[in-house]
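Participant: Pasting a structure here, questions to come.
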Amino acid sequence: MKINRDTKLGNARVIESICAGVIEYACHNGCNAMNVALQLVYYRLGNYEQGLREKELLLP
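Okay, here's the thing in structure tokens:
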């Protein structure tokens, strides 16, 4: 799969959105929520990365 500029920008926006949501969650729920929030980031980024891998495998 050829990664072009638009793909990179799209990926960056998804990652930025995930991180922003998690940071907001942590801010609203206190410092103890930060560990949960970081685990959520890793989980969501892992799912996103897996989705990208699956798309690559499905391309002709």
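Under this note's numbering, the first residue of the sequence shown carries the number 77, and numbering increases by one thereafter. Ideal Cβ placement from N, Cα and C applies to all residues, glycine included. For clarity, every value in this text was computed on a predicted model and none was experimentally measured.
(1) According to the neighbour-count rule (16 or more other Cβ atoms, all chains shown, within 10 Å of its Cβ), is A102 buried or exposed?
(2) Alpha carbon to alpha carbon, how far is I91 from M110? Give it in angstroms, no decimals.
(3) With a cut-off of 8 Å on the beta carbons, I'd call A113 and V98 a contact; round off their distance for me.
(4) Measure the C-alpha to C-alpha separation of E132 and E100 and round it to an integer number of angstroms.
Facilitator: Quick answer:
(1) Locating residue 102 in the sequence shown gives position 26, where the first residue counts as 1. Burial call: buried.
(2) Translated into positions along the sequence shown, residue 110 becomes position 34. Translated into positions along the sequence shown, residue 91 becomes position 15. Approximately 17 Å, taken between the alpha carbons.
(3) Residue 113 sits at position 37 when you count from the first residue of the sequence shown. Residue 98 sits at position 22 when you count from the first residue of the sequence shown. The Cβ separation is near 4 Å, so the contact holds.
(4) Mapped onto the sequence shown, residue 132 falls at position 56. Mapped onto the sequence shown, residue 100 falls at position 24. Going by the C-alpha atoms only, they are around 32 Å apart.
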